[in-house]
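Novice: A single structure is presented below for examination.
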Amino acid sequence: MIGGFFLVVSLYFLGCGIFFYVCLYADPETSPAARYFTETLPQCFMRTVRRLLGPKVASVFSMFAEMFLVFVYLFIIMGGWTVMFFFGYPFISESKHVSSLHKYVGYAVFGACLTSWRFVSRKSPGYITHRTIAKFDNFPYDDLIFVNKICPTVGIRKLPRSKYDRWSRRHVARFDHFCAWLNNPIGEENYRYFLLFLLIHVGMSTYGSYVTFHLFRGEVIDKNLLNAVFYDMNTGEEAEIGMHVIAHFLFARNQCLGGLFILMAA
């Protein structure tokens with residue numbers, strides 16, 4: 001049972017790593033895997049939907065596909081905090097090792113996460129148009145990487161460090177990347193707020209992991225689990241005590257909170 005648990009956790013980390021690399025970090029222009037999963041496969045799927053179900057249904061699928069990671073983000077955040085509010089907060093109230101002040105801090109962190117996500121998702125990255133091109137024309141051409149030429153897609157002069165974003169279909173000043181979690185490009189005018197968004201969420205995960213760890217640590221102390229005797233359910237024999245046995249015991253008793261701890265600590 002313990003081996004199966006760690007196998008599931010290992011497969012989870014492996015799957016997350018492959019997903020983040022292929023779908024978020026790899027450049028489709030240089031990575032065949034990224035190009036296949038982010039361009040070729042979705043286009044093939046949409047052509048099939050359009051042919052079988054019609055253009056109206058295909059447009060609904062297209063809108064859902066564009067917002068997919070936004071829904072994933074909201075599912076993770078809202079689901080994670082629901083687990084914390086329903087399982088973690090009663091645990092905090094009963095614990096002698098974690099202050100109840102953390103419940104009020106948690107509300108503030110939850111609000112900061114959603115506020116930062118909403119703000120950055122609505123903040124313009126700095127779209128370059130014929131009216132705004134003078135505002136963003138602040139960097140010189142080096143005639144090596146940045147060459148003075150016209151963008152063939154939108155028909156305006158391509159400024160240094162700018163790039164046409166194929167998701168928003170607009171030219172972005174100091175384009176960094178398109179963030180699917182926000183459904184918004186990251187560029188000159190929202191980059192600093194994007195970093196704040198990341199900092200808040202890293203802080204949330206670190207803080208949540210810290211509090212949950214001390215909740216479990218308090219459980220170990222209160223129940224004297226380091227000196228407890230465990231028995232194998234299959235053989236009835238006394239099991240060898242180790243941290244993996246204690247961790248399995250804690251996670252079995254607190255499955256939702258244990259899963260959230262793994263997610264935050266990852």
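Per full-length UniProt numbering, residue 1 is the first one in the sequence shown, and the count goes up by one each step.
Glycine included, C-beta positions come from ideal geometry on N, C-alpha and C.
Computed from a predicted model, the values in this text were never measured in an experiment.
Quick one, are the C-beta atoms of G54 and L260 less than 8 Å apart?
Specialist: Taking 8 Å as the Cβ cut-off, G54 and L260 do not qualify as a contacting pair.
Novice: I need the straight-line Cα distance from I145 to R192, nearest angstrom please.
Specialist: Whole-angstrom Cα-Cα distance: 24 Å.
Novice: Can you give the Cα-Cα distance for I221 and Y107, rounded to whole angstroms?
Specialist: The alpha-carbon atoms of I221 and Y107 are separated by roughly 27 Å.
Novice: So, at 8 Å on beta carbons, what are the nonlocal neighbours of G218 in its own chain, with the 5 sequence-adjacent residues on each side left out?
Specialist: If we look at G218 and ignore the five residues flanking it on each side, its Cβ neighbours are S95, K96, H97, V98.
Novice: Cα-Cα, which of A173, A265, E238, F216 is closest to S209?
Specialist: Among A173, A265, E238, F216, the Cα nearest to that of S209 is on A265.
Novice: Give a yes or no on whether 8 Å exceeds the smallest Cβ distance from R118 to chain C.
Specialist: The question asks about chain C, but that chain is absent: this structure has only one protein chain.
Novice: Could you give the DSSP three-state label for K123: helix, strand or coil?
Specialist: Note: K123 maps to coil in three-state DSSP.
Novice: Determine the extent of the alpha helix (DSSP H) in which D222 is found, giving its start and end residues.
Specialist: That run of the alpha helix (DSSP H) goes 191-222.
Novice: Would you mind sorting A173 into buried or exposed? The rule is 16 or more other CB atoms within 10 Å of its CB.
Specialist: A173 is buried by the Cβ-count criterion.
Novice: Measuring alpha carbon to alpha carbon, tell me which residue in H244, I200, F19, Y231 is nearest R118.
Specialist: Nearest of H244, I200, F19, Y231 to R118, Cα basis: I200.
Novice: Check the DSSP bridge columns for N254 and list the partner residues they point to.
Specialist: Paired residues: none, contrary to the question.
Novice: Measuring straight from C-alpha to C-alpha, what distance separates Y12 and F213?
Specialist: Y12 and F213: Cα-Cα distance of roughly 20 Å.
Novice: Using the beta-carbon count (16 or more within 10 Å), is Y21 buried or exposed?
Specialist: That one is exposed.
Novice: Just curious, the alpha helix (DSSP H) that C44 is in, first and last residue?
Specialist: 41-53 is the span of the alpha helix (DSSP H), which, as asked, contains C44.
Novice: Can you find at least 3 beta carbon pairs, one from the region 117-133 and one from the region 243-259, that sit closer than 8 Å?
Specialist: No, the region 117-133 does not touch the region 243-259.
Novice: Entirely within the region 88-161 and at least 4 residues each: give me those alpha helix (DSSP H) ranges in chain order.
Specialist: The qualifying runs are 89-94, 101-122, 133-136.
Novice: Whose C-beta lies closer than 7 Å to the C-beta of V57 among residues of the same chain, with five residues either side of it excluded?
Specialist: Within the same chain, V57 has close Cβ partners V49.
Novice: Identify whether V172 lies in helix, strand or coil by the three-state DSSP scheme.
Specialist: Note: V172 maps to strand in three-state DSSP.
Novice: Tell me the residue span of the alpha helix (DSSP H) that contains F178.
Specialist: First-last for F178: 177-179, but that is the beta strand (DSSP E), not the alpha helix (DSSP H).
Novice: On a Cα-Cα basis, can you pick out the residue from M84, I77, D142 that is closest to A112?
Specialist: When each option's Cα is compared against that of A112, the closest is I77.
Novice: Just the Cα atoms here: how many angstroms apart are L7 and V109?
Specialist: The straight-line gap from Cα to Cα measures roughly 32 Å.
Novice: Going by other Cβ atoms of all chains shown within 10 Å of its Cβ, with 16 needed for buried, is V229 buried or exposed?
Specialist: By the neighbour-count rule (16 or more Cβ atoms within 10 Å), V229 is not buried but exposed.
Novice: Do F91 and residue 279 count as a contact pair if the criterion is CB distance below 8 Å?
Specialist: The structure shown does not extend to residue 279, since the chain spans only 1 to 266, so no value can be given for it.
Novice: Could you check what DSSP says for I246 in three-state terms: helix, strand or coil?
Specialist: In the structure shown, I246 sits in a helix (DSSP, three-state: H, G or I).
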